Amino acid sequence: MSALGNQLFAALERYRPDSYRAGKALEKRERWATIGFIELQAGLEERLRRNRLPDRLLEKPSKRDLAGSEASLRGLESLRMYSGGAIPFDDLLLVVDTEELTPEQVAERLIEELGLPCRSG
14 MSALGNQLFA
24 ALERYRPDSY
34 RAGKALEKRE
44 RWATIGFIEL
54 QAGLEERLRR
64 NRLPDRLLEK
74 PSKRDLAGSE
84 ASLRGLESLR
94 MYSGGAIPFD
104 DLLLVVDTEE
114 LTPEQVAERL
124 IEELGLPCRS
134 G
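Numbering-wise (our numbering), the sequence shown opens with residue 14 and increments by one.
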């Protein structure tokens, strides 16, 4: 078991009750205990801006086709992107609006809100 003890946190950028990830999370809950859902939110314009950042392009080859990636993001706008707090599980749901936060600030907030151990250095 990891340093997180009996907690398993699943980061879901988009929630669908019938999704593969949600199903896998439920299987793990039965085996290990608590599941925490973390919903990271940002508006379309911010997601489009982030989609072009050098670090993202370096780490995510699928984003390098800028026109295709942007079209995909715009197409997702017709879908329900966030749960609205309605995840039908009795487990933790933490919603973080990342619109004006750096990745470091988001990580700090998650560590604080979830009471996770923090590694320094």
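Beta carbons are placed, not taken as given, at the ideal position from N, Cα and C, and that holds for glycine.
Since this is a predicted model, take the numbers as computed values, not measurements.
Keeping to the same chain, check which residues put their C-beta closer than 7 Å to that of residue i; ignore five residues upstream and five downstream.
i, result
"E90", "L57"
"L61", "E83, L86"
"I124", "C131"
"R63", "R69"
Output yes or no for whether 8 Å exceeds the beta carbon distance between residue i and residue j.
i, j, result
"E52", "S96", "yes"
"T115", "A55", "no"
"R65", "L79", "yes"
What are the residues that DSSP puts in a beta bridge with residue i?
i, result
"D68", "Answer is none; D68 lacks a bridge partner."
"Q54", "D110"
Return helix, strand or coil for residue i, following the three-state DSSP convention.
i, result
"G81", "helix"
"E125", "helix"
"G97", "coil"
"L92", "coil"
"R132", "coil"
"K76", "helix"
Got a sec? Which residues, its chain only, sit under 6 Å from residue i by beta carbon, not counting five neighbours each side?
i, result
"V108", "E52"
"L127", "none"
"E59", "E112"
By the 10 Å Cβ neighbour count, where 16 or more other Cβ atoms means buried, how is residue i classified, buried or exposed?
i, result
"G49", "buried"
"K73", "exposed"
Sorted by chain position, which residues of the same chain lie with C-beta nearer than 8 Å to residue i's C-beta, five sequence neighbours on each side aside?
i, result
"R77", "L70"
"S75", "S82"
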